[in-house]
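For the sequence shown, the tail end lands on 303 under the numbering used here, and the numbers increase by one without skipping.
Ideal Cβ positions, reconstructed from N, Cα and C, are used throughout, including at glycine.
First comes the structure, then the notes that go with it.
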Amino acid sequence: MSAEDYQPPIDQLLAYGRPNIAYSDQWINYVDELGLTTEHIPELVRLASDKELDDDDDVEIYACIHAYRALGQLKAESAIEPLIQLLGDETNDWILEELPEVFAMIGPTCIGPLVDYLTSPEPGSYSKMATARGLQEIAKAHPDYRDDCVQHLSNALARHKQQPPDLNGSLVAKLLRLEATDAVDVIEKAYKEGPMDEMFCGTWARVQIELGLATESDFTPEELHHFMPEWMEAIQHAAQGIRQLPQSKSSIALPTKTAHPTGLTRFGKGDLAAAEQSKSPKPKAGFGSSKNKEKKSKKKKKR
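Below, the structure written as structure tokens:
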């Protein structure tokens, strides 16, 4: 793939290189910088969806990210469906992390298509988590549609018996972030009937506390302690043991909790990260694989 395959000014995006890791309000202003208008939307959609760039060795591999960011800034409603289809690639953490913000930039018109995708049986858990976060971001950016988004997220959680525990836990997290006390009944039912991954929001007791419906003093320590997989408990105990070992001045200091650099905390700290922590890590081909680590370092951060 080369710049000759795209028309100006879209061809310039193939030379932009690795994008900054930041929230949408810190992205390059592509509209002003390149003079983009609605007439450029079809070409941007083509670039954002260009699978050939996945195998590119050059900076052009990053162009799809710049393209979908630009589509968000253009509020490109005609790009909604093509962008939603990109969520099907569960190995691309840039897409799973950033498209929810793009949908919020485009606006409430995205709600219907996102709900359709969320209720479809084909997408995997990670794809649906990102879809649900799209509804969450729309609710935050467009308060008039907050109740609609909460209702759709609640409806999705009501299907908990037919869904994997990590998706259910992620849906609860979205509702908590929207302070959806009106969804407390469906959340309680999902916890009682399961399956529920408590690595996302803790126990039902913790959820009630988070919603302001109770305090810690209302529960026993057992009710407040969430389930932790055996493999994670083993790692936690091992880490505690290592930290208790005496260290000489010449020894290498173990890392301590420090503030993350600005702009990086969002990557690997969301619902997808919790999902990956809730089960044994599995090697995944594609983005982030050792084979393409240098070649495709832009696509795997991470959730």
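Residue i - DSSP class collapsed to helix/strand/coil
i	result
Glu222	helix
Gln162	helix
Tyr23	coil
Phe103	helix
Pro82	helix
Glu188	helix
His142	coil
Thr37	coil
Ile28	coil
Gly169	helix
Nearest-angstrom Cβ-Cβ length linking residue i and residue j, presumed shorter than 8 Å
i	j	result
Leu153	Leu135	6 Å
Pro8	Ser49	Incorrect: roughly 20 Å between the Cβ atoms, too far for contact.
Ser170	Ala132	6 Å
His66	Pro19	6 Å
Ala15	Val59	6 Å
8 Å Cβ cutoff met for residue i and residue j
i	j	result
Leu47	Leu13	yes
Val358	Leu211	A question about residue 358 goes unanswered here, because the residues of the chain that appear run from 1 up to 303.
Ile138	Pro113	no
Leu44	Ala70	yes
Pro123	Tyr117	yes
Leu53	Ile41	no
Ala238	Leu224	no
Lys75	Met105	yes
Ser127	Gly72	no
Val207	Asp182	no
Ala190	Asn168	yes
Pro164	Ser120	no
Local Cβ density within 10 Å of residue i, reported as buried at 16 or more and exposed below that
i	result
Ile187	buried
Thr220	exposed
Tyr23	exposed
Gly194	exposed
Asn92	buried
Beta-carbon contacts of residue i that lie in its chain and below 7 Å, excluding the five residues immediately before and after
i	result
Ser278	Residue confidence is low: Ser278 scores 47 on pLDDT, short of 50, so the model does not pin down where it sits. No coordinate-derived value is stated.
Gln103	Checking the sequence, you will find Phe at residue 103 rather than Gln. Cys110, Leu114, Gly134, Glu137, Ile138.
Lys161	Glu193
Neighbourhood of residue i by C-beta distance below 8 Å, restricted to the same chain and skipping five residues each side
i	result
Cys317	This structure leaves residue 317 out entirely; the chain is present only between 1 and 303.
Ala214	Ala205, Gln208
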